[in-house]
Amino acid sequence: MTLTRVMTPLCVLAAAAALALPVATATAQAAPLRIEITEGVIEPLPFAVPGFIAETGAAAEAAANITRLIAQDLSGTGLFREIPASAHIGRVTSFDAPIQYPDWRAINAQALVTGSVGVAGGGRLVVKFRLFDVFSGQQMGEGLQFVGTTANWRRMAHKVADAVYARITGETGYFDSRIVFVSESGPKNDRRKRLAVADYDGANQSYLTDSSTIVIAPRFSPQGDRIVFTSFGTGSARIHVMDTATGRERVLADAPGTTTFSPRFAPNGRTVVFSQEQGGNTDIYAMDIGGGTATRLTSAPSIETSPSYSPDGGQIAFESDRSGTPQIYVMPASGGEPRRISNGRGRYGTPVWSPRGDLIAFTKQLDGRFHIGVMRTDGSEERLLTASFLDEGPTWAPNGRVIMFTRETAGEGGEAGLFTVDITGRNAPRQVPVQGAASDPAWSPLLP
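So the sequence shown is residues -30 to -1, 1 to 418, counted in mature numbering (1 follows the signal peptide of the UniProt record, and there is no 0).
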């Protein structure tokens, strides 16, 4: 799929529109629109997305779909609140028409997104949009144009939402990304598992493997071009590597008398760190994706598993029961003496370093409940974001602001599903609507 991102000289039009409006001193001096994402953010920012203009009749359906998806992306973050079309006073009938700011101020919209959808040669969609700060009466940045196939209208909508999110928060978005996970079917005592991929919001789901072999713990490479996972196709756990473009897979580490599992890529995309069990002892190893000899990084009579690199590749967080119960440790990426960073009550596991490098997410079991939490990389400022019968296996959005995880319901008929929560923990977890039961999610980087 080819998606072209083209700068367009829309700022000149916006400036002309602004000059046509009455000048009010309070408006001219209004502070720039910006959301600062902190634990103190309470009220979502109200925004309006009038229906994108269909430049031709053939673009009408796509324009309506793109408008709705942009609104859903932004509202789903918990940082934005859409003002419904039924409340709009102003109407946008032309992409080039001046913005009537008083109409949008009257309904307390702080941000306004306008756009159009046309059809170019070969049936390709052309999506244009602008973002306006309503109270300052100014356009925020230049307008943008995205060009792609009609089949990829969702990606263009996600890219618009990413651009809006970035301009208002000052951080990159995460909407134009995918997830890989384990799709589950069958009763609890006979679960069938296969790898599946979908858009970050659960749409466009497809399958990478069949259910003839149990697979667990898939992980994307930093470039999104490969996936590592654990397969039981030979009867014991083995790490496989799959090329996402061709679907070809191969065994990465297959030392006789061992089982290998819990793989994850290094930031360089060439090294995979994983757990290897041999003779009843489990340690952490690293290996080049091209093959060769694995390098042993830990050596202890305990179980060391769930390794995760820091974004700079200099450290590895992992789970170990060397202190008697599962806890989180950090060591140099080349091995060496680890230091324990988890210090609260309970059992800790599945640590995952944030893409921003500031936090480590984890699973915690405490007093009969499971939690997804975050802590600083030195173990300080621990915060629990969720609580349920079984929450586990966090994975970070590409911008490090949202965590996806597995939540399983209790009882004989209980099943696993995918949920997201923002790192402030102020919003209730939201379920990702994938097809059927699902577990072990892993977030891709932003798509190119």
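For glycine and all other residues, C-beta sits at the position ideal for the given N, C-alpha and C.
- Cβ-Cβ separation between G239 and P192: approximately 5 Å, consistent with a contact (criterion under 8 Å).
- Between S153 and A166 a beta carbon distance of about 4 Å is seen, short of the 8 Å cut, so the two are scored as contacting.
- Within the segment 95 to 152, the complete beta strand (DSSP E) segments at least 3 residues long are 95 to 103 and 114 to 118, listed from N- to C-terminus.
- Counting every other CB atom within 10 Å of its CB across the protein chains shown gives P403 a total below 16, marking it as exposed.
- Considering only T139, F244 and F359, the residue with the shortest C-alpha distance to I5 is T139.
- With a 10 Å radius around the Cβ and a threshold of 16 neighbouring Cβ atoms, D328 comes out exposed.
- The straight-line gap separating the alpha-carbon atoms of I209 and F116 is approximately 39 Å.
- For the set T214, A207 and G227, the Cα lying nearest the Cα of V221 is the one of A207.
- For P2, the number of other beta carbons within 10 angstroms of its own is below 16, and it is reported as exposed.
- Between T347 and V391, the gap from beta carbon to beta carbon reaches 8 Å or more.
- Across the set A30, G48, E351 and E31, the C-alpha of G48 shows the shortest separation from the C-alpha of L15.
- The beta strand (DSSP E) runs lying completely inside the segment 342 to 370 and spanning 3 residues or more are 361 to 366, given in chain order.
- N251: member of the beta strand (DSSP E) spanning N251 to D258, first to last residue.
- Within the same chain, and ignoring the five residues on either side of G370 in sequence, the residues whose Cβ sits closer than 6 Å to its Cβ are S324, P325 and R326.
- Burial check for R61: the Cβ neighbour count within 10 Å stays below 16, so the residue is exposed.
- K129 places its beta carbon less than 8 Å from that of D146.
- Taking the CA atoms as reference points, W366 sits about 12 Å from I342.
- Pairwise C-beta distances place the segment 34 to 42 out of contact with the segment 376 to 394, as fewer than three of them are shorter than 8 Å.
- Judged by beta-carbon spacing, P364 lies within the 8 Å limit of F332, meaning their Cβ atoms are closer than that value.
- Below 8 Å, too few C-beta pairs join the segment 304 to 316 and the segment 211 to 229 to call them touching: fewer than three.
- If you ignore the 5 residues before and after S232, its C-beta comes within less than 8 Å of the C-beta of A187, T200, F244, S245, T275, S276 and P277, all in its own chain and listed in chain order.
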